[in-house]
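Some notes on the structure that comes next.
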Amino acid sequence: MPGVSRSKCPLGWDPAAAGSRAGDGMACNSNDRRQWRKQEVAVGTAASRMRVLLNARSIRWVPQPELVSEEKAPGTQAPPHQCMTSTLLFRDKLSFGGTQRMQTYTTQMDAARKGIITPEMEIVAKKEYRTTEEIRQWVAEGKVAIPANKHHTCLNPEGVGSMLRTKINVNLGVSRDCKDYNIEMQKVMSAVNMGAEAIMDLSSHGNTQPFRQKLTHECPVMIGTVPVYDSVIHYQRDLATLTAQDFIDVVRLHAEDGVDFVTLHCGITRKTIEQIRKHKRKMNIVSRGGSLVFAWMSMTGNENPFYEHFDEICEICAEHDVTISLGDACRPGCLADATDVCQIEELVRLGELTKRAWAHNVQVMVEGPGHVPLNQVAANMEVQKSICMGAPFYVLGPLVTDIAPGYDHITAAIGGAVAAASGAAFLCYVTPAEHLALPNVEDVKQGIVASKIAAHAADIAKGIPHARDIDDKMGDARRVLDWDAQFACALDPETAKAIRDARLPEDDHSDTCSMCGKFCAVRSMNKALAGEYIDIL
Ligand code: SF4
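Residue numbering for the sequence shown follows this note's numbering, beginning at 15 and increasing consecutively.
This is the structure:
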């Protein structure tokens, strides 16, 4: 089984030898892609299949090399997309009949309810080892969402639902203090190639539209945004001067730009203002979008526009097939606030809004906590499932302790594993920089690895079809001390290989590692069971 290197396709084809630009880190052309796909089909190794199962890309996705400048004019279109992943299933390469779609259905949910199997459902069914009829049924019931804006044609669709593989989301985007869009694009590339299924662009500075459009024109994973962040930036006006119509127009803009899901903090109302004052939470509201909506309501005296005009927003989402991710403004920001009246009261409203969105055939995900003690995580999932009728639950963490800044990717992975094993469908990654700073490229990597471990551990626990296959392969590889095979099964092969290579055993027993050397239990057992002499000194 081949090892993994930066310059050579892990499936054995050398792009440099074939004259590909991918070998020097540039975007490859369609011949390259065809070649890679042919190679993938031909090789069909267990490791390749396993990597696809984990959704980690065997072949690196590379965005167009053009740089994104925040000075670029609003509305500037990105060049035609080039999507490159190892997965063979592409929305724009299948019978994605835009015309037929417009005539027969609007959203994935509309199609499912009409008994139509969409190309996106076919792709999801193949990836998840499910039948198309199962996927259609779950989409019709709202238990699975396939966020797939009709304008995001290079999307490699994913299903989000507790009976499917747990998906992970990566948050990024520029801020006033870190405004380099090219660094954000590096994070996107890293995230996509490490297997993130979604990117949320939370940019809150400068001209946000070119970056957003670059994502939806080139990036094969689901793209999400939080329009309320962008409202202030888009209009370059103080929050209090914005009108309800301004907010709605930004939702429409993001929908037209091809965003697959939007987080809308619809669940807080003027009643929430009283609740927050009355119940004296330790951390009040820690959701950025939630705090903006709360601040706008407080300053204007008006009702939450995302709640008041929810049906109009649903119509926009239905037109473009945008999934609504119902934001949890009152998610607990510390353990003391977990599962309190503010959180549960908002959840009840999110349950009502779920029904209203479904009435428009708009798909829904429901966002959840937050900081939650480990013993309350499973109960939170059960309550959400019951109140929101099985709509996919999208959790931020949950972080199971408040005292680990610098290590919150670990506190979130612990909570995320328990949450996903108990029914959460979608994990928002948390990086070591959480609560401290905007994550850098290395923080993003650490956050993704931690989330992927949590998601995978939960999938094994839930008995998701074939989830454990790769662990069984790893066990086989470890038993025979096949290091290349172990790297091929590893979630992060480069790190695993680098650690081993830097600390190889000194003597001529390179089949072991430097932890035990000739005391290697695996080596001793293999030799003992084969009737061989076991030399230790
Ligand atoms: S040397 Fe020890 S740690 Fe290394 S492979 Fe053998 S048993 Fe495992």
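Ideal Cβ placement from N, Cα and C applies to all residues, glycine included.
What you are looking at is a predicted structure, and each value in this text was computed from that prediction instead of being measured.
{"query": "Per the DSSP calculation, E381 is bridged to which residue(s)?", "result": "Y408"}
{"query": "DSSP state of S189, grouped into three classes?", "result": "coil"}
{"query": "Tell me the rounded alpha-carbon separation between F553 and T425.", "result": "Residue 553 lies beyond the residue range present for the chain, which begins at 15 and ends at 551; the question has no answer from this structure."}
{"query": "Taking all protein chains shown into account, decide if N316 is buried (16 or more other Cβ within 10 angstroms of its Cβ) or exposed.", "result": "exposed"}
{"query": "Rounded to the nearest angstrom, what separates Y243 and V188 at their Cα positions?", "result": "12 Å"}
{"query": "Just to confirm, does T145 get its C-beta within under 6 Å of one of the non-hydrogen atoms of ligand 1?", "result": "no"}
{"query": "Going by the C-beta, is C344 closer than 6 Å to any heavy atom of ligand 1?", "result": "no"}
{"query": "Which one or two residues does DSSP pair with L413 in a beta bridge?", "result": "H385"}
{"query": "I'd like to confirm something about T526: is its beta-carbon nearer than 6 Å to some heavy atom of ligand 1, or not?", "result": "yes"}
{"query": "Quick one: what does DSSP say K181 is sitting in, helix, strand or coil?", "result": "strand"}
{"query": "I'd like to confirm something about V188: is its beta-carbon nearer than 6 Å to some heavy atom of ligand 1, or not?", "result": "no"}
{"query": "When every heavy atom of ligand 2 is checked, does at least one fall within less than 6 Å of the C-beta of A510?", "result": "In the structure on display, ligand 2 does not appear, and the ligands it does have are ligand 1."}
{"query": "If you compare alpha carbons, which of I513, K164, M135 and K532 is closest to E567?", "result": "Outside the shown range of the chain (15 to 551) lies residue 567, about which nothing can therefore be said."}
{"query": "Closest by CA to C2, which one among T337, I327 and V307?", "result": "As shown, the chain starts at 15 and ends at 551. That puts residue 2 outside it, with no answer to give."}
{"query": "Just to confirm, does A535 get its C-beta within under 6 Å of one of the non-hydrogen atoms of ligand 1?", "result": "yes"}
{"query": "Who are the Cβ neighbours of V391 in its own chain at under 6 Å, not counting the five residues just before and after it?", "result": "P412, G429, V432 and A433"}
{"query": "Pick helix, strand or coil for V362, following the three-state DSSP scheme.", "result": "helix"}
{"query": "Out of C331, A504 and V463, point me to the one whose CA is closest to R482's CA.", "result": "A504"}
{"query": "Between P383 and F501, what straight-line distance do the alpha-carbon atoms span, to the nearest angstrom?", "result": "34 Å"}
{"query": "Which residues bound the beta strand (DSSP E) around L340?", "result": "T337 to L340"}
{"query": "Per DSSP, M214 is paired with what?", "result": "N185 and G238"}
{"query": "What I want to know is whether the C-beta of C530 ends up closer than 6 Å to one or more non-hydrogen atoms of ligand 1.", "result": "yes"}
{"query": "For the candidate residues I262, T146 and D525, whose alpha-carbon lies nearest to that of E326?", "result": "I262"}
{"query": "Using 10 angstroms around the beta-carbon of V458, count the other beta-carbons present and answer buried if the total reaches 16, otherwise exposed.", "result": "buried"}
{"query": "According to DSSP, simplified to helix, strand and coil, what is V158?", "result": "coil"}
{"query": "Can you tell me which of D485, P479, E520 and V455 puts its alpha carbon nearest to the alpha carbon of I467?", "result": "D485"}
{"query": "What do you reckon, are the CB atoms on E198 and L216 nearer than 7 Å?", "result": "no"}
{"query": "Take the Cβ of N196 as the centre, count every other Cβ of all protein chains shown within 10 Å, and call the residue buried at 16 or more, exposed below.", "result": "exposed"}
{"query": "So, under 8 Å CB-CB, R251 and T239 are touching, yes? Tell me the CB distance rounded to an integer number of Å.", "result": "No, R251 and T239 are not in contact; Cβ-Cβ is about 19 Å, not under 8 Å."}
{"query": "Mark K52 as exposed unless 16 or more other C-beta atoms lie within 10 angstroms of its C-beta, in which case mark it buried.", "result": "With a pLDDT of 37 at K52, under the threshold of 50, the predicted position of this residue should be treated as unreliable, and no value is reported."}
{"query": "Using the Cα positions of H480 and R517, report the straight-line distance between them to the nearest angstrom.", "result": "33 Å"}
{"query": "Whole angstroms is fine: what's the gap from L557's alpha carbon to G281's?", "result": "As shown, the chain starts at 15 and ends at 551. That puts residue 557 outside it, with no answer to give."}
{"query": "Rounded to a whole number of angstroms, what is the C-alpha to C-alpha distance between T286 and S305?", "result": "12 Å"}
{"query": "Give me, in chain order, the residues of the same chain whose beta-carbon lies closer than 8 Å to that of A139; leave out the 5 immediate sequence neighbours on both sides.", "result": "T145, T146, E148 and I149"}
{"query": "Roughly how many angstroms separate the alpha carbons of Y547 and C534, rounded to a whole number?", "result": "14 Å"}
{"query": "Give the straight-line distance between the Cα atoms of I137 and E172, rounded to the nearest whole angstrom.", "result": "8 Å"}
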